[in-house]
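**Q** Can you read through this structure? Questions will come right after.
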Amino acid sequence: MKVLVVEDDPAVSEPLLAGLKRNGIETEHVAYASQVLAAAQNVDVVLLDLGLPDGDGLEVLRELRRVSDVPVIIATARGDETDRIVGLELGADDYVVKPCSVRELAARVRAVARRRRIDSSLDSGRLVVDRARHRVVLDGNPVELTAKEFDLLAVLAEEPGRAVPRQELFSRVWDPVWIGTGKTLDVHIASLRKKLGDAELIETVRGVGYRLAVDNA
Ligand code: CA
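The sequence shown maps to residues 1355 to 1571 in the numbering used here.
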């Protein structure tokens, strides 16, 4: 997961870049409107400041939308309701009001990236997780999974390599307010590993959760 941070104020960008990195999100940083189009080509999400030294962020958004559907989160100052509304109308996916907490921003970044990915599939060569057809193929062989096992694998496959916290898996596959021992999750993971026939594919990340150990090609 890589985010392009467009922000000209170092007092804002520096803690943001460090904080996103702490949250396991890679970053690229530009400070000028003229740099955005080129830099946005190889990232998963763009965080766009609207007040840039060489141009208006909303104009940048308009140009970006002509060539790309990369998810965009606009960053506005408190009270700038008009900018926010225009931004959403121009195709921004979400907005944050500055100053915002890095944890909140990281959650929003993941949420917009997830929404964008919801119809797409993981195809790593070895493992194909096809959401639209609800189909899993490993090393060329179809794998039969229960609905919950599929959902679990699909969440892990959204971002291969990321350690997905147990709580996130619970809340997205079972219940947002799930309270319990976590046994259900472990039982499903065990069954998933067995059906995939490769226990190494889903790694246990101690004290965190689980990670899918394939590259998204
Ligand atoms: Ca600014």
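Glycine included, C-beta positions come from ideal geometry on N, C-alpha and C.
Suppose contacts are defined by Cβ-Cβ distances below 7 Å. Is Ala1511 in contact with Leu1566 by that definition?
**A** yes
**Q** Output yes or no for whether 7 Å exceeds the beta carbon distance between Val1421 and Val1463.
**A** no
**Q** Is the Cβ-Cβ distance between Leu1459 and Thr1430 less than 7 Å?
**A** no
**Q** Could you check which residue in Ala1486, Leu1555, Asn1396, Met1355 has the C-alpha nearest to that of Ile1379?
**A** Met1355
**Q** Quick check on Arg1516: buried or exposed, where buried means 16 or more other Cβ atoms within 10 Å of its Cβ?
**A** buried
**Q** Which of the three DSSP states, helix, strand or coil, is assigned to Val1509?
**A** helix
**Q** Please classify Ile1556: is it buried, with 16 or more other beta-carbons within 10 angstroms of its beta-carbon, or exposed?
**A** buried
**Q** Report back the beta-carbon spacing between Tyr1564 and Leu1523 to the nearest angstrom; my notes put them in contact at under 8 Å.
**A** 7 Å
**Q** For Tyr1386, which option in Ser1455, Leu1401, Ala1372, Ala1465 has the closest C-alpha, if you only look at C-alpha atoms?
**A** Leu1401
**Q** Can you give, in chain order, each stretch of the alpha helix (DSSP H) that sits fully within the stretch 1442-1515 and has at least 4 residues?
**A** Listed in chain order, they are 1456-1471, 1501-1512.
**Q** Classify Asp1363 as helix, strand or coil using the three-state DSSP reduction.
**A** coil
**Q** Compute every distance between the C-beta of Asp1408 and the non-hydrogen atoms of ligand 1, then say whether any falls below 6 Å.
**A** no
**Q** Is it true that the CB of Val1357 sits closer than 7 Å to the CB of Ser1367?
**A** no
**Q** Note down the Cα distance separating Arg1526 from Ala1465, rounded to an integer number of angstroms.
**A** 12 Å
**Q** Glu1382 and Ala1394: beta carbons closer than 7 Å?
**A** Not in contact: Glu1382 and Ala1394 (Cβ atoms no closer than 7 Å).
**Q** So, at 6 Å on beta carbons, what are the nonlocal neighbours of Asp1437 in its own chain, with the 5 sequence-adjacent residues on each side left out?
**A** The answer, listed in chain order, is Leu1404, Thr1430.
**Q** Apart from the five residues just before and just after Asn1377, which ones in its own chain have a Cβ nearer than 8 Å to its Cβ?
**A** Val1456, Arg1457, Ala1460
**Q** How far does the alpha helix (DSSP H) with Ala1393 in it reach, from first residue to last?
**A** 1390-1393
**Q** What are the boundary residues of the alpha helix (DSSP H) that Gly1411 is part of?
**A** Counting along the chain, Gly1411 sits inside the alpha helix (DSSP H) bounded by residues 1411-1421.
**Q** Could you check whether Val1568 and Leu1481 sit closer than 7 Å to each other, using their CB atoms as the reference points?
**A** yes
**Q** Val1497 and Lys1549: beta carbons closer than 7 Å?
**A** Yes.
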